[in-house]
Amino acid sequence: MHSVILDSFHIETIHPFLDGNGRLGRLLITFYLYWKKALQHPTLYLSYYFKIHRQEYYDRLNLVRDKGDYEQWVAFFLKGVIWTCESALQTIKTALQLQEDHKKRLIKEKISTPYAIALLGYLVEKPHLSIKDAASHLDISYQSAKTLTHQLVKLEILKETTGKRRGKRYSYWEYLNLLSEGT
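Quick note, the working numbering runs 1138 ahead of the 1-based positions in the sequence shown.
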């Protein structure tokens, strides 16, 4: 972890590219930790933390440049890792609660068939889908998938996103909104 923290500082400092050095450096953090098996999936992305602490981020980089104070940079960086992990855990908890709330709504509206529950689970993996996608995944007829999809639209679990008559696509909009918070 120590080397990735220092490497992120060096990329930000030497600016090897005309544009995007900070973004690239933050992305490399994630992939480096994934490559070193510190992460099972490349999911830790510190950009939002650095964005909301932008001034402190630059002040701390300057402290390393001007005074060689690496210790405060490491502490700030690790605080960001902890904050990002805690934020991710909260997002996961909220997403699970959203799924549970939607499942209860399906039960209340008497749409709690195994297919409806399975589609709800699939929406986490594929939050944008077509009726054809739903039919294929659930191994049901197109007409059955269409009926089920329209029921989820009526309950406002899904939203139609194209505005077209044909080739419609639907999104699990509350889930997507949750995942995009802070980006």
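By construction, the Cβ of each residue, glycine as well, lies at the ideal position given by its N, Cα and C atoms.
No experiment lies behind these values; they were computed from the predicted model shown.
Distance, Cα to Cα, residue 1141 vs residue 1266? Within the sequence shown, the letter at position 3 stands for residue 1141. Within the sequence shown, the letter at position 128 stands for residue 1266. Going by the C-alpha atoms only, they are around 38 Å apart.
Excluding sequence positions up to five away, which residues of its chain have a Cβ less than 6 Å from the Cβ of residue 1168? Along the sequence shown, read from residue 1 onward, the residue named residue 1168 stands at position 30. Sequence-distant partners of residue 1168 (beyond 5 residues in either direction) whose C-beta falls short of 6 Å from its own C-beta, in its chain, are 1180, 1182, 1183.
Keeping to the same chain, check which residues put their C-beta closer than 6 Å to that of residue 1177; ignore five residues upstream and five downstream. Here residue 1177 corresponds to residue number 39 of the sequence shown, with the count starting at 1. For residue 1177, where only same-chain residues beyond five positions count, the Cβ hits under 6 Å are 1171.
Strictly by DSSP, which residues pair up with residue 1308? Taking the sequence shown and counting its residues from 1, one reaches residue 1308 at position 170. Answer is 1267, 1298.
Would you mind working out which of 1193, 1273, 1234, 1283 sits nearest residue 1312, comparing C-alpha positions? In the sequence shown, the residue the question calls residue 1312 occupies position 174. Residue 1312 has its Cα closest to that of 1234, out of 1193, 1273, 1234, 1283.
If you drop the 5 nearest sequence neighbours on each side, which residues of the same chain put their C-beta closer than 8 Å to that of residue 1307? Stepping through the sequence shown from its first residue, residue 1307 is reached at position 169. Around residue 1307: 1266, 1267, 1268, 1298, 1299, 1300.
Who are the near neighbours of residue 1259 in its chain, counting only those whose CB is closer than 8 Å to its CB and skipping five residues on each side? The residue labelled residue 1259 in the question sits at position 121 within the sequence shown. Taken in chain order, the residues that qualify are 1237.
When you compare each of 1146, 1230, 1309 to residue 1294 by their alpha carbons, which one comes out closest? Numbered from 1 along the sequence shown, position 156 holds the residue referred to as residue 1294. Nearest option by C-alpha distance: 1309.
Helix, strand or coil: which one does DSSP assign to residue 1176? By one-based count along the sequence shown, residue 1176 stands at place 38. Shown here, residue 1176 sits in coil according to DSSP, grouped into three states, outside any helix or strand.
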